[in-house]
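Shown next, in C-alpha coordinates, is the structure this report addresses.
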Amino acid sequence: MTAFTVSYTTRAGKTKMLTLEAKSLADARRTLRRRGISYNNLSRQQDSPARKNTPAGDSTRRWNQFLENPPSVKEKAIFANKLATLVNAGVPILRSIELIYRQQKSAMFRRALAGIIIEVNQGENLAGSMRRWPKVFDKLSIAMVEAGEAGGVLDETLKRLAKLLEDNAKLQNQIRSALSYPVTVFVIAILVFLGMTIFIIPTFAGIFEQLGADLPLFTQMMVNLSNLLRSGFSLVLLGLLFMSIYGLKILYDNPSGRRKIDQLLLKLPLFGDLIQKTATAQFSRTLASLSKAGVPIMMALEILTETASNTIFADAINASRVDVSEGVPLSRALAIKNVFPDLAISMLIVGEETGNMDTMLSKVADFYEDEVTSTAKILTSLIEPFMIVLVGGIVASILVAMYLPMFSVFDKIR
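In terms of the working numbering, the sequence shown is residues 834 to 1247.
So this is what it looks like as C-alpha coordinates:
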(Lines of atoms letter the chains of each structure in order from A and count residues from 1; the text may use other names and numbers.)
(Lines give C-alpha, C1' and ligand atoms only; values in the text may rest on other atoms or scores of the structure.)
Protein backbone atom coordinates (compact mmCIF):
# COMPACT_ATOMS: atom_id res chain seq x y z
CA MET A 1 0.00 0.00 0.00
CA THR A 2 1.13 3.53 -0.79
CA ALA A 3 0.25 6.75 1.01
CA PHE A 4 -1.01 9.75 -0.96
CA THR A 5 -1.43 13.36 0.16
CA VAL A 6 -4.65 14.96 -1.06
CA SER A 7 -5.53 18.65 -1.01
CA TYR A 8 -9.14 19.62 -1.73
CA THR A 9 -11.52 22.53 -1.29
CA THR A 10 -14.63 22.18 0.85
CA ARG A 11 -18.02 23.67 0.03
CA ALA A 12 -17.22 26.48 2.44
CA GLY A 13 -14.22 27.39 0.29
CA LYS A 14 -11.57 26.14 2.72
CA THR A 15 -8.59 24.13 1.49
CA LYS A 16 -7.89 20.96 3.47
CA MET A 17 -5.38 18.12 3.38
CA LEU A 18 -5.83 14.41 4.02
CA THR A 19 -3.74 11.26 3.76
CA LEU A 20 -5.12 8.39 1.70
CA GLU A 21 -3.77 4.87 1.50
CA ALA A 22 -4.19 3.05 -1.82
CA LYS A 23 -2.51 0.45 -4.01
CA SER A 24 -1.87 2.86 -6.88
CA LEU A 25 -2.58 6.37 -8.11
CA ALA A 26 -5.56 5.13 -10.12
CA ASP A 27 -6.95 3.34 -7.07
CA ALA A 28 -6.58 6.55 -5.03
CA ARG A 29 -8.51 8.50 -7.66
CA ARG A 30 -11.32 5.90 -7.66
CA THR A 31 -11.53 6.09 -3.86
CA LEU A 32 -11.80 9.88 -3.97
CA ARG A 33 -14.55 9.70 -6.59
CA ARG A 34 -16.50 7.25 -4.43
CA ARG A 35 -16.22 9.64 -1.50
CA GLY A 36 -17.35 12.56 -3.67
CA ILE A 37 -14.13 14.50 -3.15
CA SER A 38 -12.98 16.77 -5.97
CA TYR A 39 -9.30 17.19 -5.24
CA ASN A 40 -6.95 20.02 -6.18
CA ASN A 41 -3.76 18.02 -5.86
CA LEU A 42 -2.97 14.32 -5.41
CA SER A 43 0.66 13.37 -4.73
CA ARG A 44 2.44 10.26 -3.56
CA GLN A 45 4.08 10.38 -0.13
CA GLN A 46 7.58 9.09 0.34
CA ASP A 47 6.68 6.56 3.03
CA SER A 48 3.40 4.73 3.52
CA PRO A 49 1.68 4.82 6.94
CA ALA A 50 1.49 1.03 6.98
CA ARG A 51 5.25 0.80 6.77
CA LYS A 52 5.71 3.50 9.37
CA ASN A 53 3.51 1.70 11.87
CA THR A 54 5.41 -1.59 11.63
CA PRO A 55 8.49 -2.01 13.84
CA ALA A 56 10.69 -2.92 10.88
CA GLY A 57 9.44 0.01 8.80
CA ASP A 58 9.78 2.39 11.73
CA SER A 59 13.36 1.32 12.46
CA THR A 60 14.26 1.56 8.76
CA ARG A 61 12.76 5.04 8.56
CA ARG A 62 14.69 6.17 11.66
CA TRP A 63 17.92 4.77 10.22
CA ASN A 64 17.34 6.49 6.88
CA GLN A 65 16.65 9.77 8.66
CA PHE A 66 19.85 9.35 10.69
CA LEU A 67 21.87 9.00 7.48
CA GLU A 68 20.22 12.02 5.84
CA ASN A 69 22.21 15.22 5.52
CA PRO A 70 20.61 18.61 6.17
CA PRO A 71 20.10 20.67 3.01
CA SER A 72 23.08 22.69 1.89
CA VAL A 73 23.19 26.48 1.71
CA LYS A 74 22.83 26.23 -2.06
CA GLU A 75 19.64 24.11 -1.74
CA LYS A 76 18.18 26.67 0.68
CA ALA A 77 19.02 29.46 -1.74
CA ILE A 78 17.30 27.62 -4.60
CA PHE A 79 14.21 27.10 -2.43
CA ALA A 80 14.05 30.79 -1.47
CA ASN A 81 14.55 31.85 -5.09
CA LYS A 82 11.81 29.55 -6.40
CA LEU A 83 9.38 30.60 -3.68
CA ALA A 84 10.09 34.29 -4.31
CA THR A 85 9.45 33.85 -8.05
CA LEU A 86 6.16 32.00 -7.50
CA VAL A 87 4.86 34.44 -4.87
CA ASN A 88 5.85 37.40 -7.03
CA ALA A 89 3.90 35.82 -9.92
CA GLY A 90 0.76 35.79 -7.77
CA VAL A 91 0.72 32.06 -6.96
CA PRO A 92 -0.78 31.45 -3.47
CA ILE A 93 1.81 30.52 -0.86
CA LEU A 94 0.33 27.06 -0.25
CA ARG A 95 0.24 26.24 -3.94
CA SER A 96 3.80 27.55 -4.32
CA ILE A 97 5.16 25.26 -1.61
CA GLU A 98 3.30 22.31 -3.11
CA LEU A 99 4.94 22.94 -6.49
CA ILE A 100 8.39 23.16 -4.89
CA TYR A 101 7.64 20.02 -2.86
CA ARG A 102 7.12 18.00 -6.04
CA GLN A 103 10.50 19.09 -7.43
CA GLN A 104 12.46 18.63 -4.19
CA LYS A 105 14.88 15.68 -4.15
CA SER A 106 16.29 15.99 -0.62
CA ALA A 107 14.36 13.62 1.66
CA MET A 108 14.69 15.83 4.74
CA PHE A 109 13.63 18.91 2.76
CA ARG A 110 10.63 17.02 1.35
CA ARG A 111 9.45 16.03 4.84
CA ALA A 112 9.82 19.60 6.02
CA LEU A 113 7.84 20.96 3.08
CA ALA A 114 5.13 18.32 3.57
CA GLY A 115 4.80 19.39 7.21
CA ILE A 116 4.74 23.07 6.23
CA ILE A 117 1.97 22.41 3.69
CA ILE A 118 -0.21 20.83 6.36
CA GLU A 119 0.46 23.56 8.96
CA VAL A 120 -0.03 26.46 6.53
CA ASN A 121 -3.27 24.82 5.39
CA GLN A 122 -4.39 24.78 9.03
CA GLY A 123 -3.82 28.52 9.40
CA GLU A 124 -0.20 28.72 10.57
CA ASN A 125 2.00 31.37 8.96
CA LEU A 126 5.02 30.35 6.92
CA ALA A 127 7.65 31.48 9.42
CA GLY A 128 5.92 29.66 12.28
CA SER A 129 5.74 26.41 10.33
CA MET A 130 9.39 26.75 9.25
CA ARG A 131 10.44 27.17 12.89
CA ARG A 132 9.39 23.55 13.57
CA TRP A 133 12.15 22.31 11.23
CA PRO A 134 15.40 23.72 12.69
CA LYS A 135 17.59 21.26 10.77
CA VAL A 136 16.26 22.59 7.48
CA PHE A 137 15.60 26.29 8.15
CA ASP A 138 18.01 28.31 10.29
CA LYS A 139 17.05 31.33 12.36
CA LEU A 140 18.32 33.69 9.68
CA SER A 141 15.87 32.36 7.08
CA ILE A 142 12.99 32.25 9.57
CA ALA A 143 13.58 35.82 10.75
CA MET A 144 13.65 37.21 7.21
CA VAL A 145 10.50 35.30 6.22
CA GLU A 146 8.78 36.50 9.37
CA ALA A 147 9.73 40.10 8.61
CA GLY A 148 8.56 39.72 5.01
CA GLU A 149 5.18 38.34 6.11
CA ALA A 150 4.73 41.11 8.67
CA GLY A 151 5.54 43.83 6.12
CA GLY A 152 3.62 42.26 3.24
CA VAL A 153 6.76 42.07 1.11
CA LEU A 154 7.47 38.35 1.31
CA ASP A 155 8.60 38.09 -2.32
CA GLU A 156 11.19 40.87 -1.93
CA THR A 157 12.43 39.42 1.35
CA LEU A 158 12.77 35.96 -0.17
CA LYS A 159 14.81 37.42 -3.03
CA ARG A 160 17.14 39.06 -0.51
CA LEU A 161 17.35 35.79 1.39
CA ALA A 162 18.20 33.85 -1.78
CA LYS A 163 20.89 36.39 -2.69
CA LEU A 164 22.31 36.24 0.83
CA LEU A 165 22.43 32.45 0.87
CA GLU A 166 24.03 32.38 -2.59
CA ASP A 167 26.73 34.81 -1.44
CA ASN A 168 27.38 32.70 1.68
CA ALA A 169 27.62 29.56 -0.45
CA LYS A 170 30.08 31.32 -2.76
CA LEU A 171 32.27 32.31 0.19
CA GLN A 172 32.21 28.78 1.59
CA ASN A 173 33.23 27.36 -1.78
CA GLN A 174 36.15 29.78 -1.99
CA ILE A 175 37.37 28.74 1.45
CA ARG A 176 37.01 25.05 0.59
CA SER A 177 38.90 25.56 -2.66
CA ALA A 178 41.73 27.34 -0.86
CA LEU A 179 42.03 24.65 1.82
CA SER A 180 41.21 21.50 -0.12
CA TYR A 181 44.20 21.75 -2.47
CA PRO A 182 46.98 21.70 0.17
CA VAL A 183 45.18 19.08 2.24
CA THR A 184 44.70 16.81 -0.79
CA VAL A 185 48.31 17.15 -1.93
CA PHE A 186 49.59 16.56 1.61
CA VAL A 187 47.53 13.38 1.97
CA ILE A 188 48.76 12.14 -1.42
CA ALA A 189 52.36 12.88 -0.41
CA ILE A 190 52.00 10.89 2.81
CA LEU A 191 50.42 7.96 0.94
CA VAL A 192 53.23 8.00 -1.65
CA PHE A 193 55.85 8.04 1.10
CA LEU A 194 54.20 5.17 2.99
CA GLY A 195 53.71 3.14 -0.20
CA MET A 196 57.33 3.48 -1.29
CA THR A 197 58.65 2.91 2.23
CA ILE A 198 56.57 -0.18 2.95
CA PHE A 199 56.63 -1.90 -0.46
CA ILE A 200 59.65 -0.66 -2.47
CA ILE A 201 62.44 -0.27 0.10
CA PRO A 202 62.21 -3.90 1.41
CA THR A 203 62.66 -5.19 -2.17
CA PHE A 204 65.85 -3.17 -2.72
CA ALA A 205 67.09 -3.97 0.78
CA GLY A 206 66.85 -7.70 -0.01
CA ILE A 207 68.80 -7.23 -3.25
CA PHE A 208 71.56 -5.27 -1.50
CA GLU A 209 71.78 -7.90 1.24
CA GLN A 210 72.27 -10.66 -1.36
CA LEU A 211 74.99 -8.61 -3.06
CA GLY A 212 76.71 -8.00 0.27
CA ALA A 213 76.62 -4.24 -0.08
CA ASP A 214 77.26 -2.04 2.94
CA LEU A 215 74.24 0.18 3.55
CA PRO A 216 74.93 3.88 4.12
CA LEU A 217 73.52 5.50 7.24
CA PHE A 218 70.65 7.21 5.42
CA THR A 219 69.67 4.00 3.62
CA GLN A 220 69.88 2.01 6.86
CA MET A 221 67.59 4.55 8.55
CA MET A 222 65.04 4.18 5.75
CA VAL A 223 65.23 0.38 5.95
CA ASN A 224 64.72 0.51 9.74
CA LEU A 225 61.76 2.81 9.23
CA SER A 226 60.33 0.40 6.65
CA ASN A 227 60.71 -2.55 9.02
CA LEU A 228 59.07 -0.52 11.78
CA LEU A 229 56.08 0.38 9.61
CA ARG A 230 55.71 -3.19 8.38
CA SER A 231 55.57 -4.45 11.96
CA GLY A 232 52.71 -3.98 14.42
CA PHE A 233 53.96 -0.47 15.18
CA SER A 234 52.11 0.83 12.13
CA LEU A 235 48.83 -0.21 13.72
CA VAL A 236 49.85 1.66 16.88
CA LEU A 237 50.55 4.78 14.82
CA LEU A 238 47.22 4.42 13.04
CA GLY A 239 45.43 4.06 16.37
CA LEU A 240 47.20 7.13 17.74
CA LEU A 241 46.18 9.07 14.64
CA PHE A 242 42.52 8.18 15.04
CA MET A 243 42.66 8.92 18.78
CA SER A 244 44.20 12.31 18.05
CA ILE A 245 41.50 13.15 15.51
CA TYR A 246 38.78 12.00 17.90
CA GLY A 247 40.33 13.95 20.78
CA LEU A 248 40.52 17.05 18.61
CA LYS A 249 36.85 16.63 17.71
CA ILE A 250 35.89 16.32 21.39
CA LEU A 251 37.95 19.42 22.16
CA TYR A 252 36.27 21.36 19.34
CA ASP A 253 32.81 20.28 20.50
CA ASN A 254 33.58 21.78 23.92
CA PRO A 255 32.86 25.55 23.97
CA SER A 256 36.10 26.52 25.71
CA GLY A 257 38.14 24.16 23.53
CA ARG A 258 36.54 25.46 20.36
CA ARG A 259 37.24 29.01 21.47
CA LYS A 260 40.95 28.20 21.92
CA ILE A 261 41.15 26.51 18.52
CA ASP A 262 39.35 29.39 16.79
CA GLN A 263 41.68 31.87 18.50
CA LEU A 264 44.68 29.86 17.28
CA LEU A 265 43.32 29.73 13.72
CA LEU A 266 43.01 33.53 13.64
CA LYS A 267 46.71 33.84 14.54
CA LEU A 268 47.88 31.61 11.69
CA PRO A 269 49.69 33.49 8.89
CA LEU A 270 47.53 33.94 5.76
CA PHE A 271 44.86 31.53 7.01
CA GLY A 272 43.98 33.81 9.95
CA ASP A 273 43.65 36.78 7.61
CA LEU A 274 41.42 34.73 5.31
CA ILE A 275 39.18 33.67 8.22
CA GLN A 276 38.88 37.26 9.47
CA LYS A 277 37.94 38.61 6.04
CA THR A 278 35.41 35.83 5.51
CA ALA A 279 33.76 36.45 8.88
CA THR A 280 33.64 40.21 8.22
CA ALA A 281 32.05 39.71 4.80
CA GLN A 282 29.42 37.31 6.17
CA PHE A 283 28.64 39.63 9.11
CA SER A 284 28.24 42.70 6.90
CA ARG A 285 26.18 40.94 4.21
CA THR A 286 23.87 39.25 6.73
CA LEU A 287 23.32 42.36 8.86
CA ALA A 288 22.58 44.44 5.74
CA SER A 289 20.03 41.88 4.53
CA LEU A 290 18.36 41.58 7.92
CA SER A 291 18.21 45.35 8.33
CA LYS A 292 16.70 45.82 4.85
CA ALA A 293 14.12 43.16 5.64
CA GLY A 294 13.03 45.09 8.71
CA VAL A 295 14.44 42.76 11.37
CA PRO A 296 15.13 44.69 14.63
CA ILE A 297 18.81 45.28 15.36
CA MET A 298 18.77 43.27 18.60
CA MET A 299 17.23 40.25 16.91
CA ALA A 300 19.63 40.63 13.99
CA LEU A 301 22.64 40.60 16.32
CA GLU A 302 21.26 37.53 18.09
CA ILE A 303 20.96 35.72 14.75
CA LEU A 304 24.46 36.82 13.77
CA THR A 305 25.82 35.46 17.05
CA GLU A 306 24.33 32.05 16.33
CA THR A 307 25.31 31.92 12.65
CA ALA A 308 28.93 33.08 13.08
CA SER A 309 31.32 30.28 12.08
CA ASN A 310 34.10 31.46 14.42
CA THR A 311 33.39 31.63 18.16
CA ILE A 312 35.69 34.64 18.65
CA PHE A 313 33.50 36.67 16.30
CA ALA A 314 30.36 35.19 17.85
CA ASP A 315 31.51 36.31 21.33
CA ALA A 316 32.31 39.79 20.02
CA ILE A 317 28.90 40.15 18.36
CA ASN A 318 27.11 38.87 21.46
CA ALA A 319 29.00 41.29 23.72
CA SER A 320 28.27 44.18 21.36
CA ARG A 321 24.61 43.22 21.49
CA VAL A 322 24.64 43.94 25.23
CA ASP A 323 26.33 47.30 24.63
CA VAL A 324 23.85 48.24 21.88
CA SER A 325 20.95 47.48 24.23
CA GLU A 326 22.44 50.09 26.60
CA GLY A 327 22.56 52.75 23.89
CA VAL A 328 26.12 52.34 22.59
CA PRO A 329 26.45 52.67 18.78
CA LEU A 330 27.13 49.38 17.03
CA SER A 331 30.38 50.63 15.50
CA ARG A 332 31.81 51.60 18.88
CA ALA A 333 30.61 48.37 20.49
CA LEU A 334 32.36 46.32 17.79
CA ALA A 335 35.52 48.47 17.85
CA ILE A 336 35.97 47.79 21.57
CA LYS A 337 36.14 44.04 20.90
CA ASN A 338 39.10 44.54 18.49
CA VAL A 339 38.06 41.61 16.26
CA PHE A 340 36.80 43.22 13.05
CA PRO A 341 39.22 45.09 10.73
CA ASP A 342 39.62 48.84 11.25
CA LEU A 343 38.44 49.57 7.70
CA ALA A 344 35.14 47.78 8.30
CA ILE A 345 34.59 49.68 11.56
CA SER A 346 35.40 53.00 9.88
CA MET A 347 32.93 52.36 7.06
CA LEU A 348 30.29 51.32 9.60
CA ILE A 349 30.82 54.61 11.48
CA VAL A 350 30.26 56.54 8.25
CA GLY A 351 27.09 54.54 7.59
CA GLU A 352 25.73 55.32 11.06
CA GLU A 353 26.54 59.03 10.72
CA THR A 354 24.91 59.35 7.28
CA GLY A 355 21.94 57.13 8.10
CA ASN A 356 22.82 54.70 5.28
CA MET A 357 24.11 51.81 7.35
CA ASP A 358 22.47 49.19 5.07
CA THR A 359 24.18 50.57 1.98
CA MET A 360 27.54 50.91 3.72
CA LEU A 361 27.36 47.37 5.10
CA SER A 362 26.69 46.07 1.59
CA LYS A 363 29.78 47.92 0.35
CA VAL A 364 31.82 46.46 3.20
CA ALA A 365 30.59 43.00 2.26
CA ASP A 366 31.44 43.55 -1.42
CA PHE A 367 34.93 44.75 -0.52
CA TYR A 368 35.78 41.86 1.78
CA GLU A 369 34.27 39.26 -0.52
CA ASP A 370 36.69 40.49 -3.19
CA GLU A 371 39.46 40.38 -0.58
CA VAL A 372 38.57 36.77 0.24
CA THR A 373 38.81 35.87 -3.45
CA SER A 374 42.21 37.52 -3.88
CA THR A 375 43.56 36.12 -0.59
CA ALA A 376 42.46 32.61 -1.53
CA LYS A 377 44.27 32.93 -4.88
CA ILE A 378 47.43 34.21 -3.17
CA LEU A 379 47.25 31.40 -0.63
CA THR A 380 46.92 28.79 -3.35
CA SER A 381 49.78 30.28 -5.38
CA LEU A 382 52.07 30.27 -2.31
CA ILE A 383 51.19 26.76 -1.18
CA GLU A 384 51.42 25.15 -4.62
CA PRO A 385 55.23 25.36 -5.00
CA PHE A 386 55.70 24.27 -1.39
CA MET A 387 53.60 21.19 -2.01
CA ILE A 388 55.52 20.42 -5.20
CA VAL A 389 58.79 20.63 -3.25
CA LEU A 390 57.33 18.43 -0.50
CA VAL A 391 56.25 15.67 -2.90
CA GLY A 392 59.50 15.95 -4.84
CA GLY A 393 61.52 15.78 -1.62
CA ILE A 394 59.72 12.64 -0.48
CA VAL A 395 60.29 10.86 -3.79
CA ALA A 396 63.90 12.09 -3.98
CA SER A 397 64.68 10.84 -0.45
CA ILE A 398 63.47 7.35 -1.37
CA LEU A 399 65.50 7.34 -4.59
CA VAL A 400 68.66 8.59 -2.84
CA ALA A 401 68.25 5.91 -0.15
CA MET A 402 68.02 3.25 -2.89
CA TYR A 403 70.88 4.49 -5.09
CA LEU A 404 73.50 5.18 -2.39
CA PRO A 405 74.26 1.46 -1.76
CA MET A 406 74.82 0.96 -5.49
CA PHE A 407 78.16 2.79 -5.26
CA SER A 408 79.31 0.18 -2.77
CA VAL A 409 78.16 -2.59 -5.12
CA PHE A 410 80.02 -1.00 -8.05
CA ASP A 411 83.22 -0.80 -5.97
CA LYS A 412 83.01 -4.53 -5.18
CA ILE A 413 82.43 -5.37 -8.82
CA ARG A 414 85.56 -3.44 -9.77
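We treat Cβ as the ideally placed atom computed from N, Cα and C, and that holds for glycine.
Quick caveat, the model's predicted, so the values are computed rather than measured.
Between which residues of its own chain and residue 1095 is the CB-CB distance below 8 Å, once the five residues before and five after are set aside?
1143, 1144, 1145
Name, in chain order, the residues that DSSP records as bridge partners for residue 1149.
Partner(s): none; residue 1149 has no beta bridge.
For the alpha helix (DSSP H) that residue 1101 lies in, which residues bound it at each end?
No alpha helix (DSSP H) contains residue 1101, which DSSP labels as neither H nor E.
Counting along the chain, where does the alpha helix (DSSP H) carrying residue 1140 start and finish?
1130-1140
Judging by CA-CA distance, which residue of 1237, 1148, 1188 is the nearest neighbour of residue 1170?
1148
Runs of 4 residues minimum, wholly inside the segment 1143-1229: which ones carry the alpha helix (DSSP H) assignment?
1144-1158, 1163-1170, 1175-1187
For the candidate residues 1024, 1091, 1108, 912, whose alpha-carbon lies nearest to that of residue 1062?
1024
Since residue 909 and residue 1139 should fall inside the 8 Å C-beta cutoff, what is the C-beta to C-beta distance between them, to a whole number of angstroms?
Contact flag wrong, Cβ pair sits at about 16 Å.
Any idea which residues DSSP pairs residue 1062 with across the strands?
BP columns for residue 1062 are empty, so no partner.
Grouping DSSP H, G and I as helix and E and B as strand, with all else coil, what is residue 999?
helix
If you draw a straight line from the alpha carbon of residue 905 to that of residue 1122, how long is it in whole angstroms?
20 Å
Check residue 882 in the structure and name its three-state DSSP category.
In this predicted model, residue 882 has a pLDDT of only 37, less than 50, meaning its place in the structure is not dependable enough to derive any value.
Is the beta carbon of residue 1059 less than 7 Å from the beta carbon of residue 1030?
yes
At least 3 beta-carbon pairs within less than 8 Å: the segment 1192-1202 vs the segment 1171-1182
yes
Cβ-Cβ distance between residue 1128 and residue 976 below 7 Å
yes
I'd like the span of the beta strand (DSSP E) that includes residue 1041, first residue to last.
Per DSSP, residue 1041 belongs to no beta strand (DSSP E); it is in the alpha helix (DSSP H), 1034-1044.
Could you work out which residue in 959, 1173, 1137 is closest to residue 1105 when comparing CA atoms only?
1173
Pick out whichever of 1201, 1206, 1136, 1124 has its Cα sitting closest to the Cα of residue 1185.
1124
Please confirm if the segment 936-956 is in contact with the segment 1081-1094, defined as three or more CB-CB distances below 8 Å between the two stretches.
no
What number of angstroms, rounded off, separates the C-alpha of residue 803 from the C-alpha of residue 1187?
Residue 803 cannot be examined here, being either before or after the span of the chain that is shown, 834 to 1247.
Buried or exposed: which applies to residue 1039, given that a residue is buried once 16 or more other Cβ atoms fall within 10 Å of its Cβ?
exposed
Would you decide whether residue 1020 is buried or exposed? Buried here means 16 or more other CB atoms lie within 10 Å of its CB.
exposed
For my contact list, residue 983 and residue 1224 are in at a C-beta cut-off of 8 Å; report their separation, rounded to the angstrom.
At roughly 57 Å, the Cβ-Cβ gap does not stay under 8 Å, so residue 983 and residue 1224 are not in contact.
If we ignore side chains and look at the alpha-carbon of each, how far apart do residue 838 and residue 986 end up?
30 Å
At the level of alpha carbons, what is the spacing between residue 1216 and residue 1011?
9 Å
Who are the Cβ neighbours of residue 1153 in its own chain at under 6 Å, not counting the five residues just before and after it?
1166, 1167
Residue closest to residue 950, alpha-carbon to alpha-carbon, out of 860, 851, 921, 1232:
851
Spatial neighbours of residue 1201 in its chain, beta-carbon cut-off 6 Å, leaving aside the 5 residues before and after
1110, 1113, 1114
Would you check if the distance between the CB atom of residue 874 and the CB atom of residue 957 is smaller than 7 Å?
no
How far does the beta strand (DSSP E) with residue 837 in it extend, from its first residue to its last?
835-842
Sort 903, 923, 1192, 1005 by Cα distance to residue 1209 and report the nearest one.
1005
Can you list, in chain order, the residues of its chain with a C-beta nearer than 6 Å to that of residue 1117? Leave out the 5 residues immediately preceding and following it.
1194, 1197, 1198
Neighbour-count burial assignment, residue 1238, 16 or more Cβ in a 10 Å radius:
buried
According to DSSP, which residues form a beta bridge with residue 876?
838
For the alpha helix (DSSP H) containing residue 936, name the first residue and the last one.
926-936
Grab the span of the alpha helix (DSSP H) containing residue 974 for me, first residue to last.
972-984
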